[in-house]
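J.: In my numbering, the protein residues as written are 12 to 220. Take this structure, written in structure tokens, and hold onto it; I'll ask about it next.
Below you can see the structure in the form of structure tokens.
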């Protein structure tokens, strides 16, 4: 009998060309970073998680996984009683997005995003670093995940599947975190380009969809 092939048993769902384009785009962002300019990252999380007693510890865990010096935004410190939720009012000022989604079950690599989180992701995925925060694997570039839109059509959700063999030393994560690292004061454009450009030569595999 032939062994059953597990479609999730891969390092990434991305094609090599997708991964190369992603790394190159992240390198351009890193090289263009202005020294001293703030780097703002929004953490997308559903209300039930924000209201959980474990929210502060999970927020601290995500912050620890991100580069030092970034400005962390989330619903509670961005949209207050005097400023209702309005994604369009902040999206252009963001440098990246981390999606904190709940797994299908404990230990699962399948995650579900609600309609609001899906729209937040869609608004940035094409040109900024967008990461999934996984319970088991840490931060995973969404480009490395498999995605599927779920009904209903009027408010679709998004299913993200993390690859089983994904490793944190993947060039996509290295490039994404580099793109989210504030530029050191006094660094020249040439120095930033050298610091980020070497990553483009380490690309091996690819992104998903």
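Quick reminder that beta carbons are idealized off the backbone N, C-alpha and C, glycines included.
I think residue 136 touches residue 25, with their Cβ atoms under 8 angstroms apart; what is that distance to the nearest whole Å?
T.: With 8 angstroms as the limit, residue 136 and residue 25 do not qualify as a contact, their Cβ atoms being about 13 angstroms apart.
J.: Examine the Cβ distances between the stretch 82-89 and the stretch 44-53 and report whether three or more of them are shorter than 8 angstroms.
T.: Contact between the stretch 82-89 and the stretch 44-53 is present, because at least three Cβ pairs lie under 8 angstroms.
J.: Three or more C-beta pairs under 8 angstroms: does that hold for the stretch 164-172 against the stretch 118-137?
T.: Touching, per the Cβ criterion.
J.: Go through its chain and collect everything with a Cβ distance to residue 107's Cβ below 6 angstroms, but skip five positions before and after it.
T.: If we look at residue 107 and ignore the five residues flanking it on each side, its Cβ neighbours are 52, 139, 140, 191.
J.: What's the C-alpha gap between residue 46 and residue 90?
T.: Cα-Cα distance, rounded: 28 angstroms.
J.: Going by the CB atoms, is the gap between residue 120 and residue 173 shorter than 7 angstroms?
T.: It is a contact, given that the beta carbons lie within the stated cut-off.
J.: Quick check on residue 96: does DSSP put it in helix, strand or coil?
T.: Looking at residue 96 - three-state DSSP - the assignment turns out to be coil, as it is neither helix nor strand.
J.: With DSSP collapsed to three states, give me the class of residue 75.
T.: Correct three-state label for residue 75: helix.
J.: Taking the continuous beta strand (DSSP E) assigned at residue 152, which residues delimit it?
T.: Residues 149-152.
J.: Using the rule of at least 16 other Cβ atoms within 10 Å of the residue's Cβ for burial, across every protein chain shown, is residue 122 buried or exposed?
T.: So residue 122 counts as buried.
J.: Considering only C-alpha positions, which residue in the set 31, 42, 175 is nearest to residue 21?
T.: When only C-alpha atoms are compared, the closest one is 175.
J.: Going by DSSP in three states, residue 90 sits in which element: helix, strand or coil?
T.: Looking at residue 90 - three-state DSSP - the assignment turns out to be coil, as it is neither helix nor strand.
J.: Whole angstroms are fine: how far does the CA of residue 124 sit from the CA of residue 159?
T.: When rounded, the distance between both Cα atoms is 10 angstroms.
J.: Give me the DSSP bridge partner(s) of residue 144.
T.: Partner(s): 150.
J.: How many angstroms separate the CA atom of residue 60 from the CA atom of residue 145?
T.: If you take the alpha carbons of residue 60 and residue 145, they lie about 14 angstroms apart.
J.: Going by alpha carbons, who is nearest to residue 76 out of 142, 157, 162, 164?
T.: Nearest option by C-alpha distance: 142.
J.: Could you have a look at residue 102 and say whether DSSP puts it in helix, strand or coil?
T.: If DSSP states are grouped into helix, strand and coil, residue 102 belongs with the helices.
J.: Kindly indicate which three-state DSSP category residue 45 falls into: helix, strand or coil?
T.: Reduced to three states, the DSSP call for residue 45 is coil.
J.: Mind checking residue 221: buried by the 16 CB within 10 Å criterion, or exposed?
T.: Since the first residue shown for the chain is 12 and the last is 220, residue 221 is missing from the structure and cannot be characterised.
J.: Quick one: what's residue 107 bridged to in DSSP?
T.: Per DSSP, 52.
J.: What does the Cβ neighbour count give for residue 29, buried or exposed, with the cut at 16 atoms within 10 Å?
T.: With 16 or more other Cβ atoms within 10 Å, it is buried.
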